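Worksheet: one structure, shown below.
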Amino acid sequence: MRRSYTNMLQFFYDTFREEKYVGIFQARRPTLFVIDLDIVKNIFIKDFACFSDRISVSTDTQREPLLRNLANMSGSEWKAMRHIVTPTFSSAKMKAMFPLVADCANSLKIALSQEALDDVDVPKLMSRFTTDVIGSCAFGVDPGSLKNPDSPFLAMSQRMFKTDRTTVLKRYCRTFFPKLFKFLNLRTYSWEVETFFTNIISQVLEERRKTGVQRNDFIQLMLNMQNTETEFYMSDELITSNSFIFMLAGLETSATTLSFCLYELAKDPDLQNKVRQEIIDCTERYGGLNYDAVCAMRLVVQTAMETLRLHPPTPLTTRLCTAPCTLSSELNVKVKDAVLIPLHCIQKDPRYFSDPEKFDPDRFKEDSNPPAFMAFGEGPRSCPGARFAQLIVSAGLAAVLSGYQVQPCARTTPTIHYDPRSVMLKNKGGIWLSFKPL
Ligand code: HEM
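The working numbering puts the first residue of the sequence shown at 6, with every later residue one more than the last.
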C-alpha cells in the first residue's frame, strides 16, 4: 500500500519521538526534521532571524511572475512585503470586509435550497463557497461558483489544485530538481490559468481607477497602498501575484477545514446541535449573520480549531536557515540548511493533547491557542490569513447548520484516510454527507 506523505512523516515522528530532531533525505536534499517542541518554537520565534525564509518552491520569478508573492519571497523583500500586507488583515479591515463573506454565505444557503441534498460531495460544495469568498475579497469579482457549478473562475481555480500524476511529478521536479524544471521549461501553473487570473486583476484595477469606485476588499487595500509611502512600490504585478497567493493559500485550506468540520459534526449529532444552537442564538442577538455575531460564536470557533488540530490542511511547514545558528546548545545549523516542521504530527502527539484522535472542541475552551497548536504556523512568518480563515469557516458553518442537519450517508467513509497523492490533508474517499432540512 502506498503511504501518504503525511503518513510517512508520522512514521518518522513516531519512530524517533524521544529524539529532539533527526536528519532525513527528501529526494537528495538533507533536511532537519524537528521533533522537540522547544526547538520548533525557537525556529519559529526566538531564532527567527536565522530562519526567516521558507524552502522556496521557485525563485525563478522572471519566468513565472505570479510566484513573486508573499509566501515565496525571501529576505528583505519578504520583510517589506509582509509589512505592507499585514495591515490588510487587521480586525478593522476584517470587520469591513465581512459583509462580502456574509453575502457568499447567503449564496451558499440559496444553493443548498436548490440542489440535491443526499450524497453531497462536501469538499466540492465548500470549494464553491470559498472560491466565491476569495474571488470577491481578493479579486474584487463575483466568481458565481455557487450559482453556477460550471463557472469559468471555479474551473480555473480548481485546475490549480489538481493532484493528477503529471501535476504531482511536475511539483516534485520543481521542489527537488529546480534546474531540470527550468531546463524543461515547465511551469507551476499553465499559461491559461496564469492569463485568466492576471487578466481579471488588470480589468478590475482598470475599472477601479476609471470609475473611482471603492470596495472593502484586499485588492482595494493593496491599490490604496500605491498612493502611500511604503518601503517599496506596490506595483500592479505585486497586487496580482499577492491576490493569486491569497487564492492559493486560502481557498482549499478553508474549504478543507469546513469539510472535515462538517464530517466530525455529522458523526457527533449532540455537538452539532450545540453548535447550531449557538449559531441561532448569536445571529438572533446581533440581528443576522454579521461580524459581531460570528465573533460571539465561541463554540463554533473551538470546533473549527479542533478540526484544524486533528486535520490541519497544511500538515507541515518549512524553514531555510538564513544565518548560522546553534539550536538547543548542541546543533549547529548552516546557511541554506533545510528544516521541516511536522505540524500535523505535533498536533497529534499525546504529550501535548491527551487522547489525540478524539475530536474534542473543549480542548480550546480555556486556552484558545495551546502551545502545540500550530495549524497556522507560528511567529513572524505564520499565516497572515488565520483570522480571515476563521471568519470564512464560521460563516460557512452558520450557513449550513442554521438550516440543515448534517448526517453520514451511504458514501461516508467510517474513518479518515489521507489521500497519498496530496501533500495537503484530504480524505482518500472524499467527504460525502447528506443535508436534511430542519
Ligand atoms: C484554514 C485555513 C488556513 C490554514 C490552515 C492556513 C495555514 C497556513 C500555514 C500553515 C502557513 C505557513 C505558516 C508558517 O510557515 O509558519 C500559511 C501561510 C500563509 N497563508 Fe495561510 N492558511 C489558511 C488560510 C489562509 C487565507 C484565507 C489566506 C489569505 C487570504 C492565507 C494566506 C497565507 C499566506 C499569504 C501565507 C504565507 C505567509 C508568509 O510567508 O509570510 N492563508 N498558512
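Quick reminder that beta carbons are idealized off the backbone N, C-alpha and C, glycines included. None of these values were measured; they are calculated from a predicted model.
Query raised in the report: When every heavy atom of ligand 1 is checked, does at least one fall within less than 7 Å of the C-beta of L113?
Result: no
Query raised in the report: Considering only C-alpha positions, which residue in the set A404, A271, L228 and G384 is nearest to P479?
Result: The structure shown does not extend to residue 479, since the chain is modelled only from 6 to 443, so the question has no answer here.
**Report entry** Where the beta strand (DSSP E) through P413 begins and ends
**Finding:** Y409 to P413
Query raised in the report: Going by beta carbon distance, what residues of the same chain come within less than 6 Å of T245, once the five residues before and after it are set aside?
Result: T203 and I206
Query raised in the report: Taking C-alpha atoms, which residue in A391, D169 and L189 lies nearest to C178?
Result: L189
Query raised in the report: What are the start and end residues of the alpha helix (DSSP H) that includes S246?
Result: D241 to K272 is the extent of the alpha helix (DSSP H) around S246.
**Report entry** Those runs of the alpha helix (DSSP H) which lie wholly inside the region 90-153 and span at least 4 residues
**Finding:** 96-119 and 127-139
**Report entry** Strand pairing of F38, partner residues [DSSP]
**Finding:** V27 and L345
Query - Contact set for M78: own chain, Cβ-Cβ below 6 Å, skip 5 residues either direction - result: M86
Report task. Counting only the same chain and skipping the five closest in sequence on each side, list residues whose C-beta sits under 8 Å from that of D367. Result -> Q307
Query raised in the report: In terms of residue numbering, what span does the beta strand (DSSP E) encompassing V338 cover?
Result: L336 to V338
Report task. For I285, collect the residues of the same chain with a Cβ closer than 8 Å to its Cβ; drop the 5 residues on either side in sequence, then sort them by chain order. Result -> S407
Query raised in the report: How long is the line joining the alpha carbons of A160 and I139, rounded to whole angstroms?
Result: 14 Å
Report task. Please indicate yes or no: does the CB of A107 lie closer than 7 Å to some heavy atom of ligand 1? Result -> no
Query raised in the report: From C350 to Q15, what distance separates their C-alpha atoms?
Result: 6 Å
Query - Three-state class that DSSP yields for P442 in the structure shown - result: Under the three-state reduction of DSSP, P442 is assigned to strand.
Query raised in the report: Does the region 391-406 come within contact of the region 101-115, defined as at least 3 CB pairs closer than 8 Å?
Result: yes
Query - Spatial neighbours of C414 in its chain, beta-carbon cut-off 7 Å, leaving aside the 5 residues before and after - result: D123, D124, W437, L438 and S439
Query raised in the report: For the beta strand (DSSP E) that L315 lies in, which residues bound it at each end?
Result: First-last for L315: R303 to L315, but that is the alpha helix (DSSP H), not the beta strand (DSSP E).
Query raised in the report: Contact check, Q410 vs L443 under 8 Å by CB: the rounded distance?
Result: 6 Å
Report task. Report the three-state DSSP secondary structure of R68 (helix, strand or coil). Result -> coil
**Report entry** Residue interval of the beta strand (DSSP E) (run including L325)
**Finding:** T322 to L325
Query - the region 379-395 contacting the region 38-55, beta-carbon criterion three pairs below 8 Å - result: yes
Query raised in the report: Which residue's Cα is closest to the Cα of K339: L325, L345 and I346?
Result: With distances taken between CA atoms, K339 lies nearest to L325 out of L325, L345 and I346.
Requested in this report: Report, in whole angstroms, the separation of the C-beta atoms of D222 and S141, which I expect to be a contact under 8 Å.
Outcome: About 7 Å; that satisfies the 8 Å criterion.
Report task. Pull up the distance between the alpha-carbon of D275 and that of L267, whole angstroms please. Result -> Each residue's Cα considered, the two are about 13 Å apart.
Report task. Enumerate in chain order the residues of its own chain whose CB-to-CB distance from L210 is below 8 Å, with the five nearest sequence positions on each side excluded. Result -> I224, L228, D241 and I244
Query raised in the report: For T66, which residues from the same chain have a beta carbon less than 6 Å from its beta carbon, with the 5 sequence-adjacent residues on both sides left out?
Result: Counting only Cβ-Cβ distances below 6 Å, and skipping sequence neighbours, we find L72 and R73.
**Report entry** Exposed unless 16 or more other CB atoms sit within 10 angstroms - verdict on E311
**Finding:** buried
Query raised in the report: If you scan the region 340-402 from start to end, which runs of the alpha helix (DSSP H) of 4 or more residues do you find wholly inside it?
Result: Fully contained in the region 340-402 are the following alpha helix (DSSP H) runs of length 4 or more, in chain order: 348-352.
Report task. Indicate the three-state DSSP secondary structure (helix, strand or coil) for N12 in the structure shown. Result -> helix
**Report entry** Pick from L313, D365 and F30 that is closest to G382, judged by C-alpha positions
**Finding:** That would be L313, whose Cα lies nearest to the Cα of G382.
Query raised in the report: Is the CB-CB distance between I397 and S259 below 8 Å?
Result: Yes; because the gap between Cβ atoms is below 8 Å, this pair is in contact.
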